[in-house]
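Residue numbering for the first sequence follows my numbering, starting at 78 and increasing by one per position. C-beta: ideal position from N, C-alpha, C; glycine also. Notes for the one structure printed next.
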Amino acid sequence: MKSVNAIETNKKNIQAIVNEALRSAQQKGLLSFQDIPDYVIEVPREKEHGDFASNVALLMARQARMSPKAIAGIIMDEISLDKIQELEKIEVAGAGFINFFLNNSWLFEIPVQIVKMGNKYGYNDYLNRKVQVEFVSANPTGNLHMGNARGGAIGDTLANILQRAGYDVEREFYVNDAGNQIEIFAESLEARYLQLTGNDIKFPDNGYAGQDVIQTVKNIIREKGNSLVEMDSETRRKIIVEYALQEKIDYIKATLKAFGIEYDHWFSEQSLHDSGKVEEVIKWLTDQGFIYEHEGALWFKSVQYGDEKDEVIKRANGLTTYFAADIAYHKDKFERGFDWVINVWGADHHGHVARMKGAMQALGLDPAKLDILLMQLVRLYRGGNIVRMSKRTGTTISLDELIEEVGKDAARFFFVMRSPDSHLDFDMQLAKEKSQENPVYYVQYAHARICSIFRQAAAAGVKMASVEEIDSTLLNSQEEIDLLRRIADFPDEILIAARTLSPHRIARYVLDVAGLFHSFYNHHRVLTNDEPLQNARLLLMQVTQITLKNALDTLGVSAPEQM
RNA sequence: GCGCCCGUAGCUCAGUGGAUAGAGCACCGGCCUCCGGAGCCGGGUGCGGAGGUUCGAUUCCUCUCGGGCGUACCA
């Protein structure tokens with residue numbers, strides 16, 4: 078199906094006539110310039126400035142050696158209004174802006190298109206470009222915490238946005254099932270196992286002290302009893318850690334699924350070691366001169382790529398670092414044919430960005446194809462009080478507990494409501510509240526209210542006319558036009574959110590649409606005895622419902638029919 | 001010390017170099033004999049500070065103050 082993005086279409090049409098006017102003015106010798114500058118057609122903030130506006134004259138002033146206003150005047154004179162059917166008026170305003178005023182006929186055509194597209198409204202044209210979004214990638218050594226939760230909501234929403242922007246999207250979870258922390262995990266599990274089977278063993282100082290480790294060990298004992306006590310340590314650890322990893326990965330999968338997230342691919346770090354890809358990439362980088370030896374360790378020359386210091390890739394004890402595996406991992410990603418790779422990382426990993434991009438360059442890959450979306454950390458509140466998190470005592474609130482307490486919808490909405498750059502204060506009490514203070518309810522209520530109107534209509538035996546027969550030009554009050562206008566923005570909002578990696582834009586958008594709907598609802602009645610008007614308003618309700626539902630889908634939040 | 005992110009209304013936050021900087025909450029005052037009042041309408045002296053680039057800076061650059069994070073042969 079052909080996608081609908083009326084805003085983008087209008088911008089392109091206006092840009093075309095502006096370009097045409099520029100060339101025409103140039104030919105007539107009215108305007109002298111080398112290149113058309115990189116100007117924009119934008120929707121002005123103020124309604125008085127038209128439906129669309131361009132800054133082309135301001136950007137051209139220098140090379141044309143004329144005032145912006147004079148240039149704008151020339152351009153305006155070269156444009157004939159009948160080039161675009163809806164174009165009603167052009168004016169020069171402010172410092173030299175060209176403002177374009179359209180009549181609303183394009184707007185009234187949109188409802189029928191939206192109804193035809195249904196749950197595909199918001200999707201843009203297919204781009205045939207593969208993008209991978211890797212997110213959460215939590216260590217399988219503990220529970221999912223609030224950072225993982227925010228990463229999950231941001232990553233999954235971003236993946237949804239990219240799909241609607243026209244990309245082929247793959248969601249990937251990188252399982253850190255190798256390396257140092259797995260060793261420590263194994264030691265911790267073994268110590269707890271021996272302790273719980275009656276042996277006096279000291280727990281490692283840097284071990285995983287959480288309750289969940291003890292619970293895992295209890296599960297192992299339930300299944301295998303004391304049978305591991307007599308084994309040699311290596312065999313015992315192998316059995317225990319294998320069991321624990323499986324249990325943790327199952328837990329992570331189940332919890333994220335409850336959070337509305339399903340991955341296309343789970344990628345094992347250990348597989349990179351098993352296949353020899355880590356050694357392979359180290360050897361290749363060494364041969365190319367990107368690696369040197371110092372005090373028995375191998376170092377990657379990340380300083381030459383703007384990093385603060387060089388990074389160890391293989392330790393003096395012969396074990397590779399997590400960075401070595403990460404290089405092999407990113408090489409593998411691009412060998413899988415992605416045009417674009419996005420990693421969602423916690424801000425505490427920002428120091429890793431420069432050297433990762435440096436490694437890309439060393440490998441001959443284009444670092445611009447890798448975007449790392451850093452998100453600031455989460456502070457959890459309950460009412461006014463901060464909920465302290467402590468790894469040592471294991472008293473953190475985990476994602477499964479959060480979902481249990483506030484629900485998936487509120488949690489997902491809250492995590493994407495703010496820009497990833499912004500610290501997030503998550504108030505669990507507010508997220509649970511069924512009141513006007515809680516934004517997720519405000520939006521869901523709008524959707525439920527519309528559903529209720531249709532239930533009322535059905536109960537009264539009202540039948541909506543077929544879409545083609547409805548006269549949508551009757552939707553001419555300010556509230557109706559404002560709502561319709563914002564609904565028309567949806568596909569373009571998706572494109573902007575994709576381009577700027579801004580999932581929070583969609584949360585704000587859906588709040589906007591809900592607000593405009595509530596305002597309409599309080600000013601006008603849908604069900605009346607004016608049948609043509611009633612039909613037009615029912616159509617408006619239908620497209621509002623579709624837009625709210627599709628935008629909420631993008632956020633992974635449900636759109637209830639009643640509350 | 002050095003590096004990254006953030007400082008916008010009382011609070012929590014939006015704001016792709018553009019025209020008169022917005023929203024929610026809180027606070028005050030209004031609005032249903034009528035489709036769900038979990039709603040609507042009205043009420044605002046705010047871009048931490050100082051320079052710079054630009055026709056134009058909340059946005060870009062430098063410095064400065066404040067907060068967060070990082071700065072391991074951890075991940």
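- Cβ-Cβ separation between Lys410 and Val421: approximately 14 Å, too far for a contact (criterion under 8 Å).
- Our two residues, Lys334 and Gly284, have alpha carbons roughly 29 Å apart in a direct line.
- Going by DSSP, Lys408 is part of the alpha helix (DSSP H) stretching over 399–412.
- Taking the Cα of Val290 as reference, the smallest distance to any Cα among Ile259, Asp309, Val189, Arg432 is reached at Ile259.
- Within 10 angstroms of the beta-carbon of Glu339 lie fewer than 16 other beta-carbons, which makes it exposed.
- One Cα belongs to Val117, the other to Arg459, and the distance between them is close to 45 Å.
- In this structure, the CA atom of Ser543 is about 14 Å from the CA atom of Ile191.
- Between Ile480 and Ala436, the C-beta gap is not smaller than 7 Å, which leaves the two residues out of contact.
- By the Cβ test, the stretch 138–148 is not in contact with the stretch 84–98, since fewer than three Cβ pairs between them sit closer than 8 Å.
- Proximity of the stretch 217–233 to the stretch 473–493 meets the contact definition, three or more beta-carbon pairs being nearer than 8 Å.
- Contact between Asn612 and Ile558 is ruled out by a C-beta separation of about 17 Å, above the 8 Å threshold.
- Scanning the stretch 219–296 from its first residue to its last, the whole alpha helix (DSSP H) runs of 4-plus residues come out as 223–241, 257–273.
- Taking the Cα positions, Phe492 is about 42 Å away from Gly538.
- Annotation: the continuous alpha helix (DSSP H) that includes Tyr598 extends over 581–600.
- Annotation: the continuous beta strand (DSSP E) that includes Met452 extends over 447–452.
- Note that the C-beta distance between Leu451 and Ala424 is below 7 Å.
- A distance below 7 Å separates the beta carbons of His581 and Ser496.
- CA-to-CA, the gap between Ser554 and Asn82 works out to about 23 Å.
- Residue state for Phe178 is assigned as strand, using DSSP reduced to three classes.
- Note on geometry: alpha-carbon atoms of Phe178 and Ala170 lie some 12 Å from one another.
- Relative to the Cα of Gln240, the nearest Cα in the group Asn627, Asp128, Gln639, Pro637 belongs to Asn627.
- For Lys166, DSSP records a beta bridge to Phe178.
- In the DSSP assignment, the residues bridged to Phe129 are Phe177.
- According to the DSSP assignment, Ala613 belongs to the alpha helix (DSSP H) that extends over 608–632.
- In this chain, the beta strand (DSSP E) harbouring Phe344 covers 342–345.
- One alpha carbon belongs to Leu616, the other to Leu507, and they sit about 34 Å apart.
- The C-beta distance from Glu346 to Asn253 rounds to 5 Å, short enough to meet the 8 Å contact threshold.
- Within its own chain, the residues whose Cβ lies closer than 6 Å to the Cβ of His524, once the five positions on either side in sequence are excluded, are Leu625, Ala636, listed in chain order.
- Per DSSP, reduced to three states, the secondary structure at Asp504 is strand.
- Minimum Cα-Cα distance from Tyr200 among the listed residues Ser101, Ala236, Leu604, Gly219 corresponds to Ala236.
- Put simply, of Gly219, Glu186, Tyr203, Tyr244 the residue whose alpha carbon is nearest the alpha carbon of Val210 is Tyr244.
- Residue pairing from DSSP places Ala374 in a beta bridge opposite His371.
- As a beta-bridge residue in DSSP terms, Val455 pairs with Leu501.
- For Ile161, there is no enclosing beta strand (DSSP E), as DSSP marks it with neither H nor E.
- Judged by DSSP secondary structure, Lys391 falls within the beta strand (DSSP E) whose first and last residues are 388–391.
- Burial check for Gln619: the Cβ neighbour count within 10 Å reaches 16 or more, so the residue is buried.
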